[in-house]
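A quick write-up on the structure given underneath.
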Amino acid sequence: VIEDMIAEIEVNHDIEYGLPLSTVLYSLFEYQKNMELGSFFFENVEKEGVILYEKDKFH
């Protein structure tokens, strides 16, 4: 499932670069609501975030 794939990406990144990642998962509704409310965290995600998963693609 997606959580397992993300955990694998985190572990591989930590091993390769020595820098742990910490991911946070939100539903589409939560994401849209926080953007609507002007959350600085979500605005930063829009500017600086890295896509780990898109439909039918893995990065």
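If you're matching positions, the sequence shown starts at 608 in our numbering and goes up one per residue.
Virtual Cβ for every residue (Gly too), placed ideally from N, Cα, C.
Asked: List the whole-angstrom C-beta distance separating isoleucine 658 from threonine 630, where the pair is believed to meet the contact cut-off of C-beta under 8 Å.; Found: No, isoleucine 658 and threonine 630 are not in contact; Cβ-Cβ is about 12 Å, not under 8 Å.
Asked: Look up valine 652 in the DSSP assignment and say whether it is helix, strand or coil.; Found: helix
Asked: How about methionine 642 and phenylalanine 649: are their beta carbons less than 8 Å apart?; Found: yes
Asked: Thinking C-beta only, is leucine 632 closer than 8 Å to histidine 620?; Found: no
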